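Encoded as structure tokens, the structure appears first; notes follow it.
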Ligand code: SF4
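Protein chains in written order, with full-length UniProt numbering: chain D, 1 to 217; chain G, 1 to 469.
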């Protein structure tokens, strides 16, 4: 995973609450068995006027001019500004894959759904939670100033506006470490393989029925 | 010292190590695997040349993508077929038990796990699917994970987790006639909102929950995620234990006695402290119908479509306006006057035998209304289907004009050919009414199986309580 430390980038404002993962990446694209290639279908039903199908070339599809990401001023955005409960619904990791594939590296919202939040940080995508009034200010600044960009400093846990205003955000140390270093979490866990084995040995005594194997029958 | 909640007990029994950074390595007793969220996880294992840590802790099934008709003809959609073949291949390569398309035990992952006794009280259960919360009904710690975590669980038999806060939702008293587990849960979601449970593990308790069958408790826990919580659970009691007697993967002989002794401890202590307690009065809950595009947009069947003008909060008002536009509804319309085009009885929320019996009781001897273009029943598993056929329920449904399908997720998410067309309105026993969930432009109203069946007969919503009188 690509390490994520400081990101400075154009901000795109998605002014809807409870954006669900079905909207972020509709089900028909979940048939892919790859981890990449979802960017062109991010927000497919909002972004295009026609019905999208997997495997289709999206470059010539009719765009919905009313959808915010289609506006010329937001092309190349790397930071998505969103409303509360972003990423609710299905656990599909295709949602962060699509957001990252599109080019986003940071999401800012007053709250995120739990599973989605987790999935983001496993894919080099940083979800930043800021208070609702701060998010509101950032929405207004983004609407009012074409080309509005923010700097997000993960090691310092700060969002910095063009006028130098700083907003601190919380992130648990584990997630931060994984993102900043771009670490492979499985590799890290396997360093504790002995502890997993010791746990299994203990539990085999305490709750042996949990270790009866599922046999093909 | 205060007592422990059920969640605390389950958590503490599974901590392999405290990472010292707010997270712990949590041992996973059972992983359920399906075709949509697993291919990339297996590909990751192969790439890193890693084995599966404990092969026999995993159970795989195809459900999301499978056709519900003409299975003998194979899968028409080549893209779906690749995904299904990929799971077959991965299970063969790694030696994982799988219920394939033609296995009579095949069905929705959250139906077949408990049905086989493969998910049990006291277990940690994960699956790359947010409705894994269903298995919490048995006093298990069960939650949905993303594909990276599926790979992590395959490779290490653990996941990295932060401990959740604890919420108790107590439903006191008894529900009236015609009010089901689905109505209780929709009322809870309407009450706390779709983000109300974010960051929490929810335990459901109170007389109305205790009175539910395991099927009803599964319906409740299933929709915890629609309330924002990754996991929901119900304490173990006699109903739980009886459920597991003689299931294929249940503990046998001495192990059974030992397991039951342990299962009995899986309740919150009397003096346990929760971070938040929500109480509802069962007698106040009426049959529910969702009217919008979020599960929290739900009302009793005798209410009318709300008016956004009455909402003070600007973002919420905008959300309501957008939902009404998408749903094609006018404020003030009585819910009962909403006419339907399609009826879907199925999904991991409501496709068990109890659900089908309840729906069949409503349609018995009646006909689906003229304006209903399609009404379908999709059993949760091949075994549920078989049981229903033994009881003649298939004949009841078919005589009424319903289609009787093979098991799978089907129109709950419309990854297979079962979906809504733009503008079509559906009474659905599933769990999500998001825009486009059941098909692009499709309009979903979430209801109980009884309410869906009654709507099929009437062609519009009806108050099931009036039919029962
Ligand atoms: S039935 Fe619906 S909610 Fe349940 S697992 Fe299948 S797609 Fe998900």
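Yeah, the Cβ is synthetic: ideal placement off N, Cα and C, and Gly gets one too.
All values reported here derive from a predicted model rather than from experimental measurement.
Residue i CB to nearest heavy atom of the ligand SF4 below 7 Å
{"i": "residue 66 of chain G", "result": "no"}
{"i": "residue 406 of chain G", "result": "no"}
{"i": "residue 409 of chain G", "result": "yes"}
{"i": "residue 431 of chain G", "result": "yes"}
{"i": "residue 446 of chain G", "result": "no"}
{"i": "residue 110 of chain G", "result": "yes"}
{"i": "residue 294 of chain G", "result": "no"}
{"i": "residue 131 of chain G", "result": "yes"}
{"i": "residue 210 of chain D", "result": "no"}
{"i": "residue 348 of chain G", "result": "yes"}
{"i": "residue 412 of chain G", "result": "yes"}
{"i": "residue 270 of chain G", "result": "no"}
{"i": "residue 66 of chain D", "result": "no"}
{"i": "residue 63 of chain G", "result": "yes"}
Cross-strand partners of residue i (DSSP beta bridge)
{"i": "residue 232 of chain G", "result": "G:202"}
{"i": "residue 342 of chain G", "result": "G:374 and G:426"}
{"i": "residue 80 of chain D", "result": "D:12 and D:107"}
{"i": "residue 460 of chain G", "result": "G:339"}
{"i": "residue 107 of chain G", "result": "G:381"}
{"i": "residue 445 of chain G", "result": "G:427"}
{"i": "residue 122 of chain G", "result": "Per DSSP, none; premise fails for residue 122 of chain G."}
{"i": "residue 299 of chain G", "result": "G:289"}
{"i": "residue 142 of chain G", "result": "G:125"}
{"i": "residue 23 of chain G", "result": "G:162"}
{"i": "residue 63 of chain D", "result": "D:48"}
Minimum Cβ-Cβ distance from residue i to chain D less than 8 Å
{"i": "residue 100 of chain G", "result": "no"}
{"i": "residue 251 of chain G", "result": "yes"}
{"i": "residue 66 of chain G", "result": "no"}
{"i": "residue 32 of chain G", "result": "no"}
{"i": "residue 331 of chain G", "result": "no"}
{"i": "residue 27 of chain G", "result": "yes"}
{"i": "residue 434 of chain G", "result": "yes"}
{"i": "residue 75 of chain G", "result": "no"}
{"i": "residue 243 of chain G", "result": "no"}
{"i": "residue 424 of chain G", "result": "no"}
{"i": "residue 126 of chain G", "result": "no"}
{"i": "residue 157 of chain G", "result": "yes"}
{"i": "residue 472 of chain G", "result": "Look at the range of chain G in this structure, 1 to 469, and you will see that residue 472 of chain G is not part of it."}
{"i": "residue 21 of chain G", "result": "yes"}
{"i": "residue 121 of chain G", "result": "no"}
{"i": "residue 415 of chain G", "result": "yes"}
{"i": "residue 39 of chain G", "result": "yes"}
{"i": "residue 444 of chain G", "result": "no"}
is_contact[residue i, chain G] using C-beta, thresh 8 Å
{"i": "residue 28 of chain D", "result": "yes"}
{"i": "residue 61 of chain D", "result": "no"}
{"i": "residue 83 of chain D", "result": "yes"}
{"i": "residue 163 of chain D", "result": "no"}
{"i": "residue 204 of chain D", "result": "no"}
{"i": "residue 23 of chain D", "result": "yes"}
{"i": "residue 212 of chain D", "result": "yes"}
{"i": "residue 18 of chain D", "result": "yes"}
{"i": "residue 143 of chain D", "result": "no"}
field: Inside the stretch 25–105 of chain G only - alpha helix (DSSP H) runs reaching at least 4 residues
entry: Note on the stretch 25–105 of chain G: whole alpha helix (DSSP H) runs with a minimum of 4 residues are 39–48 and 78–94, in chain order.
message: Runs of 4 residues minimum, wholly inside the stretch 127–161 of chain D: which ones carry the alpha helix (DSSP H) assignment?
response: For the stretch 127–161 of chain D, whole alpha helix (DSSP H) runs of length 4 or above, ordered along the chain, are 132–144.
field: Complete beta strand (DSSP E) runs within the stretch 382–435 of chain G (minimum length 3 residues, chain order)
entry: 425–428
Minimum length 4: unbroken alpha helix (DSSP H) runs contained in the stretch 151–194 of chain G: 181–192
query: For the stretch 247–290 of chain G, which segments carrying the beta strand (DSSP E) assignment without a break, of at least 3 residues, lie completely within its bounds, in sequence order?
result: 276–281 and 288–290
task: Could you tell me which uninterrupted beta strand (DSSP E) segments, each at least 3 residues in length, are contained entirely in the stretch 155–205 of chain D, listed from first to last along the chain?
output: 158–160 and 166–168
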